[in-house]
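The structure appears below as structure tokens.
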Amino acid sequence: MLQLFFCQLVILAAQRYVRDHVTINDDGCWIATTSGDGRYRHFWFLGRRYKAHVLSWLAFCGPIARNQVIDHERCDNTQCCNPDHLRACTQSANMKRCFAAGRGRSTFITTGDSNG
Ligand SMILES: [Zn+2]
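Following my numbering, the numbering of the sequence shown begins with 6 at its first residue and continues without gaps.
Dropping the structure here:
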């Protein structure tokens with residue numbers, strides 16, 4: 006019970022962190038105001054670095070399955086972390102869609118991080 010309560014606190018803290026570190030543009034995208042690697046913005050939360058959209062998904066939508074990545078399905082803006090614009094899907098489905106959208110590159114493989 007205490008553990009559940011703690012989880013809820015962490016989730017609320019993460020949601021608050023995300024809201025405090027984004028600006029919303031005309032497309033409704035939540036653009037992270039933090040620094041990043043040029044492709045993705047990063048959020049620091051509880052001593053760990055997350056890709057902004059990944060932390061946003063964890064905060065608002067819940068856990069990500071081991072074989073899933075978070076895809077920018079609605080806006081194709083890699084700096085967006087609006088959970089309404091995101092979708093959890095398998096890596097291969099994500100890559101297929103990205104190649105179709107003309108932004109598929111080997112960065113998916115070379116980042117060494119399973120959540121792209
Ligand atoms: Zn968006």
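Where is the CB? At the ideal position from N, CA and C, for every residue including glycine.
Decide yes or no for the touch test of the segment 35 to 50 against the segment 68 to 79: beta carbon pairs closer than 8 Å, at least 3 of them. no
Secondary structure at D76, three-state DSSP: helix, strand or coil? strand
According to the Cβ coordinates, are W62 and L91 closer than 8 Å? yes
Is it a yes or a no for the segment 99 to 108 touching the segment 26 to 41, going by three-plus beta-carbon pairs under 8 Å? no
For D89 and R79, the rounded distance between their alpha carbons: 8 Å
Candidates A98, S97, C66, H58, of which the one nearest C86 by Cα: H58
List the whole-angstrom C-beta distance separating A93 from A19, where the pair is believed to meet the contact cut-off of C-beta under 8 Å. With a Cβ gap of about 16 Å, A93 and A19 do not count as contacting.
Let me make sure I understand the geometry here. Which of T83, Q13, Q8 has the alpha-carbon closest to that of G67? Q13
Is C12 a contact residue of ligand 1, with contact defined as CB to any heavy atom under 7 Å? no
Taking 7 Å as the cut-off, is the CB of N87 close to at least one heavy atom of ligand 1? yes
Does the beta-carbon of D76 have 16 or more other beta-carbons within 10 angstroms, so that it is buried, or is it exposed? buried
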